[in-house]
Structures are given as structure tokens and as C-alpha cells.
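In this note's numbering, each residue's number is its place in the sequence shown (first place is 1) plus 688. One structure below.
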Amino acid sequence: MRRLPTFLSLLLLLSACGTNERVDDVFHPMGGIPMRITAYDISNSRFREVFEEIKERVDVLEGALSLYIQDSDLTILNEKGVSDVSEDTLAVIEQAMRLCKNTEGAFDPTVASVIELWTYAEKAGKAPTDEELSQALERVGCNKIETSHARSRVRLTQPGMRLDLGGIAKGYVAAEAARIMQKRGITRGIVDAGGDVVVFSGKGDKLFRVGIKHPMSTENVFAILSVANGAVVTSGCYERFVEIDGKRVCHIIDPRSGKPAKGLLSVSVLARDAAAADAYATALFVLGPEDGFALAKSLPEVEAVFLLEADGGEKLRMKATPGLTGKLELAE
Ligand code: AMP
Ligand code: MG
């Protein structure tokens, strides 16, 4: 879950309107992502307890899911091909498999073998060949993962196959932090995990205003979503990419071709569950402005905002699913 130095922080929480007292604090898990926890109507001492509980929980999750920790469940699974894993790891992998099916493989954690080729290509300064890509693609496909509940065991059925949960883990962690807050009696709060935002509030509370960054000038907000409860997660390539031979290459890979996704500047997804929002944002980015938009419209649990170039790059075009009518406004 380590991020490149310019990790995504695509979403900016503009303001959380409301008159009640707020407390917040930030920590930096998963390779330095700023994770800000905000709660309303809670004493400072109570907030400290909840904040510490969240930090501990995130540490456990990172220890299980990170590709950059030597003895994480995921590192061991990738090395051995079969391994007993924690309940958390099994839950994330199974959710990833469901989302892979729901997106017809546009979101696919087994794309790891292809990602490795592109990471290597960055060092070598040369893109992978079609033959290298097609060999790696033989190890891609979520039907090639087997899970067993009885033993909390995962098996990767192809030799050399690997998993990368980078497209869902941050959302899963953010969802878990919000769950802890609610379990501890907080009724209004915000989790902002480096731009993956989860908000929750009670009846009658004012809406939160979540900003969607302008993909061409990321210090500016392009649009604002008004949300009472749910997660807003953005995928885009403008802050995270690899550079090969002077060209920017997106870190999101199309599992059908093994090539970096193109066609969109960003996709922001609004959904109840942050892990699902995270995976859908990655998938819709892969599918692009036509197929991605059609999929987003067909999924009742997903609303989405697509930003793409128009007029040969001169302008920005926005496409939003009909369910966002009245919830989405352009920033000034
Ligand atoms: P996100 O920033 O949430 O869109 O996730 C991007 C990260 O997910 C990448 O850095 C990879 O680790 C991983 N990834 C890239 N392409 C895919 C894909 N098609 N399906 C699942 N995970 C992917
Ligand atoms: Mg994602």
C-alpha cells in the first residue's frame, strides 16, 4: 500500500457545515497517506480513545494487506501461492473478487503481475513488449483465486500469480475507521484517507460538501458533492503515474490489454461502502467514458462523476449519473 511520493489526494473536504463542536486529528499510515479523522459532539478525551483505536486497527490492516511489509498476509500469499490468512485479508480478497465479477474484470486484483512489468519498465526506461504482457495476462483473472472459509485459506491457482489490493485497500481501511467511530457512539464524522472520504451523519444534520479536484490544476476544486452518508472516492492519473521514456504512464492498468488505462481524467464514485467505491472508481476509470458510464448507470449502489478532456484538451467535460441530480454543483 505504499504510495508514490505524489500520492493521490484527489478529494478535498471543503467544509462540513454544522454548528456542533468538531475535533480532529491526523496520522500517516500506508506509506504516508494523511488519514484525518473528524468527529462532532464528542469530548476531547473520548475522541483520543477512538482515534487510538482507529490507529491500532489501521496498523493491523496494513500489516495484513500491504505489499511492502515482508510478513504481511499478502506478501506471504504472493510468495507461496497458497496461505492461511486473517479474517480481514479473506474479507478484502472476497470483496475484491465480488467487485471483479460486478465490473466484468475491469477491477481485478490479479492484475499485479502486469503491474510488476510496468514497475520494472519504469526502471528499465522501456515499455513491456506485447509478448511479455500476454504472458503476464495468463496469470490475470479473478476466477483464478480460490478461497476456503473453513480454513481462512486463499490459493492462487496459476504459478507465479500475484494479488495487488492497492485499488481497494484504502477504501476498506477508511470504511473500517468510520465503522469504529459509529460503534463508539459518534453520530457525525468524517474519515479522509488521502482523498478517499467517508462521511456519516444523523437525521436533520447538515450535508457535508465534498470537493472533487480539478484534474488539470489539482489545487482547485472543480465540483462539489453534497452528501449526508457515504463514501466519495476518486481514481485518476494526474498525480500518480510512472514515467517511461519521458512519457507519463497511468498506474491503473486495463486488465483486458495489460496496458495503462486512458480516456478519462478522473472518475469519482459515491457509494455507501468505501471499499466498493474505491474498487468501482478504479474499474470505471479502466472502462472509460462510454462503457464506464453505462456500467455506473446500471449499478443501483453507485453514482459517479466522470471528468474528461473536450475540445482537444482545451476544455473539461463532466458526465454525472442521473442519481446525482441536485447533489452535484460546479465550484465557483
Ligand atoms: P486507485 O488509485 O484506487 O484507482 O487504485 C490504483 C491501484 O490499484 C494501482 O496503484 C494498483 O496497485 C492497483 N490497480 C491498477 N489497476 C488495477 C485494476 N484494473 N484492478 C485492480 N487494481 C488495480
Ligand atoms: Mg480504487
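Every residue, glycine too, gets a C-beta built ideally from N, C-alpha and C. None of these values were measured; they are calculated from a predicted model.
Starting from E775, trace the alpha helix (DSSP H) both ways and give me its first and last residue.
775-790
So for L696, helix, strand or coil by DSSP?
Summary for L696: the model assigns pLDDT 37, below 50, so the residue's position carries little reliability; its value from the coordinates is reported in the next sentence. Here L696 sits in coil by DSSP.
Within 6 Å: the Cβ of P903 and any heavy atom of the ligand AMP?
no
Mind listing, in chain order, the continuous alpha helix (DSSP H) runs of no fewer than 4 residues lying wholly within the stretch 840-881?
The alpha helix (DSSP H) runs lying completely inside the stretch 840-881 and spanning 4 residues or more are 857-871, given in chain order.
For the alpha helix (DSSP H) holding Y728, just list the boundary residues, first then last.
No alpha helix (DSSP H) contains Y728, which is instead part of the beta strand (DSSP E) from 723-728.
Looking only at C-alpha atoms, which of G720, F735, I764, E1017 sits nearest to M869?
F735
Looking at C-alpha atoms only, which residue of M723, L987, T763, S945 is the closest neighbour of R960?
Nearest C-alpha to R960: L987.
Are the Cβ atoms of V909 and G918 separated by less than 7 Å?
no
Could you tell me which residues DSSP pairs with K1003 in its beta bridges?
A998
Just checking S914 against the ligand MG - is the residue's beta carbon closer than 6 Å to any of the ligand's heavy atoms?
no
On the three-state DSSP scale, how would you describe P948?
strand
Tell me whether A838 is buried or exposed, calling it buried when 16 or more other Cβ atoms sit within 10 Å of its Cβ.
exposed
Quick test of your reading: V802 and G1000, contact by CB under 8 Å. State the CB separation rounded to the nearest angstrom.
Not quite, the Cβ-Cβ distance comes to about 30 Å (not below 8 Å), so this is no contact.
Cβ of A857 within 7 Å of Cβ of V879?
No, the Cβ-Cβ distance between A857 and V879 is not below 7 Å.
Which of helix, strand or coil does DSSP assign to E810?
helix
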